[in-house]
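Top line first, the protein sequences correspond to chains A and B. Per this note's numbering, residue 14 is the first one in the first sequence, and the count goes up by one each step. Per this note's numbering, residue -7 is the first one in the second sequence, and the count goes up by one each step.
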Amino acid sequence: MMNSDQLEQIERFLDGEISKDALAEALSDLSPEALDAEIATMQNIRTAVEAAGLRDQLTAALPKVTPKPAKVRRLVSWRQGLAIAASVLVLIIAYVFWPGSSDGGGLYAQYEYIDPGVPVLMSQSDDHAMYDALTYYSEEDYATAISKLAALKQQGLNNDTIAFYLGASYLYERQAKAALESLTDLTKEEGPFQARAQWLSVLAALQQEDIGSVRSLVSPIIGDDAHPFHSNAKQLQADLSQ
Amino acid sequence: MTNQEIFEGIARRDNRTFLYLYKEYQAQIQRMVEKNSGNAEDALDIFQEGIIALWTNIQQGKFQLRDNAKISSYLFALCKNLWISKLRKRKDFKSLEESNELSDEEDTEMLLAEHEKISELEKHFRQLGEACRKLLSLFYYQKAPLKSIAAQMQITEKTAKNNKYRCMQSLRSLYQQNAAKS
């Protein structure tokens, strides 16, 4: 069995930190064939773990299938139907032309990113309330997640996980100001939430139709080629310039 | 999006690219599945599996873009073959309509073999305990540093490192047991 240091050396090779020769020297007790097999195993394992994450990501990102509606017996006459259609049309016109009724969500909708959340592990969380809140988040019941997370914050429990999921929940509930307040600190600190907090802050500014803030919030993302939302930010900047 | 942009978007797991592919090709894949004993839900599963298969092969360095070969043709061919394979497993395979859109160039046998290998390993990963799954996912999928993983899991950084080694060993042993069987 390989020890921790040996595995670490293989990981360093896969990450491009050391050469194959340096790896072979560090693991000189392995034959070249055995070394190649260990490298392949490690590479496969890493890909499989990432594939599991990608599967969850796709499940969250792709539109859900909506079952085709079953055919139903007509319950209203054509006259009643016409009257209903006219009422709906009036409501639509009122909505579209009513001052301030637009949510300005064109670009927001185009760039919306729903963070799926991390798997919530009861065994890892000694706080049942936290588990409860994150479960509501992962079920996309953001209003309940907000009330649970805000309650935890009020009790003095204030960590990055709460700040991030509270901010994300506010965003998805269209409370952009509160989302920005919750996410701002995370955008400045290096950590697992930083990149996503930066992008969600951009989305919050888009919700507010505050184009000046959007431009300033996308600039650090555009400046970082390795940022997971780099291409989205570049595209958004291009869209804003049009 | 160009072929190159799609390739790069898949490689970096970009949702915008996935949504573009969905918008452009899902209807075509759904038609193929629905004509052959499946429904819209099956089609979405197959589309998702096709994306994962493409990503896996890009990640493993097994799939390279060739001139005059459209990445969408590979995606469709992968989805079609994944659907055949699923029907065979369901013992529901009669005959899948041949598609003129596929040519010999889009031979996906090798790509599917690689995907199958990684999918098996992914199943082993899902058999691990919750703590292991979370730790490995944070480290390899979310690329979180051990320090922040330790903070999230409320353990020390040293424990996080030791646990990561232990979890990797569990996964390696499941993988090797499976390899020995086959």
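All C-beta atoms, glycine included, are put in the ideal place defined by N, C-alpha and C.
Proximity of residue 116 of chain B and residue 163 of chain B at Cβ, strictly below 8 Å: Counted from its first residue, the second sequence places residue 116 of chain B at position 124. Counted from its first residue, the second sequence places residue 163 of chain B at position 171. Residue 163 of chain B sits close to residue 116 of chain B, with the two beta carbons spaced by under 8 Å.
Stretch-stretch touch, CB-based, cutoff 8 Å, three pairs: the stretch 71 to 78 of chain A with the stretch 6 to 14 of chain B: Counting C-beta pairs closer than 8 Å gives three or more between the stretch 71 to 78 of chain A and the stretch 6 to 14 of chain B, which meets the contact rule.
Cutoff 6 Å; reference residue 70 of chain B; Cβ partners in own chain excluding five residues on either side: Within the second sequence, residue 70 of chain B is the residue found at index 78, counting from 1. Non-local C-beta neighbours of residue 70 of chain B in its own chain, meaning closer than 6 Å and more than five positions away in sequence, comprise 42, 45 and 100, ordered along the chain.
Residue from B:-1, B:64 and B:55 with nearest C-alpha to residue 16 of chain B: What you label residue 16 of chain B is simply residue 24 of the second sequence in a count that begins at 1. Ranked by how close their Cα comes to the Cα of residue 16 of chain B, the residues B:-1, B:64 and B:55 have B:64 in first place.
Chain B residues whose Cβ lies nearer than 8 Å to that of residue 14 of chain A: In the first sequence, the residue the question calls residue 14 of chain A occupies position 1. Near residue 14 of chain A (Cβ distances below 8 Å), the residues of chain B are 161.
Alpha-carbon to alpha-carbon, residue 25 of chain B and residue 60 of chain A: For the purposes of this step, residue 60 of chain A is identified with residue 47 of the first sequence, where counting begins at 1. For the purposes of this step, residue 25 of chain B is identified with residue 33 of the second sequence, where counting begins at 1. Near 28 Å, if we compare the C-alpha coordinates of residue 25 of chain B and residue 60 of chain A.
CB contact check: residue 86 of chain A to chain B, cutoff 8 Å: For the purposes of this step, residue 86 of chain A is taken as the residue at position 73 of the first sequence. Residue confidence for residue 86 of chain A is low, a pLDDT of 42 falling below 50, so the modelled location carries little weight; the figure read from the coordinates is stated next. Cβ-Cβ to chain B under 8 Å: no for residue 86 of chain A.
8 Å Cβ cutoff, residue 33 of chain A in contact with chain B: Reading the first sequence from its first residue, position 20 is the one you call residue 33 of chain A. Not one chain B Cβ lies under 8 Å of residue 33 of chain A.
Span of the alpha helix (DSSP H), counted from its first residue to its last, around residue 57 of chain A: As a working mapping, residue 57 of chain A is identified with position 44 in the first sequence. Residues 45 to 74.
Classification of residue 241 of chain A by the beta-carbon crowding that lies within 10 angstroms, buried from 16 upward: For the purposes of this step, residue 241 of chain A is identified with residue 228 of the first sequence, where counting begins at 1. Burial state of residue 241 of chain A is buried, judged by a 10 Å Cβ sphere holding 16 or more other Cβ atoms.
Euclidean distance between Cα positions of residue 58 of chain A and residue 113 of chain B: To locate residue 58 of chain A, count along the first sequence from 1; it is residue 45. To locate residue 113 of chain B, count along the second sequence from 1; it is residue 121. When only Cα atoms are considered, residue 58 of chain A and residue 113 of chain B end up about 7 Å apart.
Residue 47 of chain B: contacting residues in chain A (beta-carbon distance under 8 Å): For the purposes of this step, residue 47 of chain B is taken as residue 55 along the second sequence, with counting starting at 1. Within chain A, the residues whose beta carbon sits less than 8 Å from that of residue 47 of chain B are 64 and 67, listed in sequence order.
Extent of the continuous alpha helix (DSSP H) run through residue 242 of chain A: Reading the first sequence from its first residue, position 229 is the one you call residue 242 of chain A. Looking at the DSSP string, residue 242 of chain A is not in any alpha helix (DSSP H), and its letter there is neither H nor E.
Secondary structure, alpha helix (DSSP H): runs of 4+ residues fully inside the stretch 86 to 163 of chain B: As far as the stretch 86 to 163 of chain B is concerned, its whole alpha helix (DSSP H) runs of at least 4 residues are 101 to 119, 122 to 128 and 138 to 145.
Own chain residues within Cβ distance below 8 Å of residue 48 of chain A, not counting five before or after: If you number the first sequence from 1, residue 48 of chain A lands on position 35. Taking residue 48 of chain A as the centre and dropping the five residues before and after it, the same chain places the C-beta of 36, 37 and 40 closer than 8 Å to its C-beta, in chain order.
Beta-carbon spacing of residue 102 of chain B, residue 62 of chain B below 8 Å: As a working mapping, residue 102 of chain B is identified with position 110 in the second sequence. As a working mapping, residue 62 of chain B is identified with position 70 in the second sequence. Cβ distance not < 8 Å, so residue 102 of chain B and residue 62 of chain B don't count as in contact.
C-beta neighbour in chain A for residue 109 of chain B, strict 8 Å: Reading the second sequence from its first residue, position 117 is the one you call residue 109 of chain B. When Cβ-Cβ separations below 8 Å define contact, residue 109 of chain B makes contact with chain A.
Integer Cβ distance of residue 127 of chain B from residue 155 of chain B, believed to fall under 8 Å: For the purposes of this step, residue 127 of chain B is taken as residue 135 along the second sequence, with counting starting at 1. For the purposes of this step, residue 155 of chain B is taken as residue 163 along the second sequence, with counting starting at 1. Rounded, the Cβ-Cβ distance is 6 Å, consistent with contact.
Any chain A beta carbon closer than 8 Å to residue 40 of chain B: Here residue 40 of chain B corresponds to residue number 48 of the second sequence, with the count starting at 1. Yes, residue 40 of chain B lies at the interface with chain A (some Cβ there is under 8 Å from its Cβ).
Expected contact under 8 Å - CB spacing of residue 204 of chain A and residue 129 of chain B to nearest Å: Position 191 of the first sequence, counting from 1, holds the residue named residue 204 of chain A. Position 137 of the second sequence, counting from 1, holds the residue named residue 129 of chain B. Between residue 129 of chain B and residue 204 of chain A the Cβ distance is about 16 Å, and since that is not below 8 Å, they are no contact.
For residue 233 of chain A, the three-state DSSP class (helix, strand or coil): For this step, residue 233 of chain A is matched to residue 220 along the first sequence. Here residue 233 of chain A carries a helix assignment [DSSP, helix/strand/coil].
Minimum Cβ-Cβ distance from residue 44 of chain B to chain A less than 8 Å: Residue 44 of chain B sits at position 52 when you count from the first residue of the second sequence. At least one CB atom of chain A sits nearer than 8 Å to the CB of residue 44 of chain B.
Any non-hydrogen atom of the ligand GDP closer than 7 Å to residue 21 of chain A Cβ: This structure does not include the ligand GDP; it has no bound ligands of any sort.
Cβ separation of residue 192 of chain A and residue 180 of chain A, assumed to be a contact under 8 Å, to the nearest whole Å: Counted from its first residue, the first sequence places residue 192 of chain A at position 179. Counted from its first residue, the first sequence places residue 180 of chain A at position 167. That pair is a contact at about 5 Å.
Distance, residue 245 of chain A Cα to residue 138 of chain B Cα: Position 146 of the second sequence, counted from the start, is the residue given in the question as residue 138 of chain B. Position 232 of the first sequence, counted from the start, is the residue given in the question as residue 245 of chain A. The straight-line gap from Cα to Cα measures roughly 27 Å.
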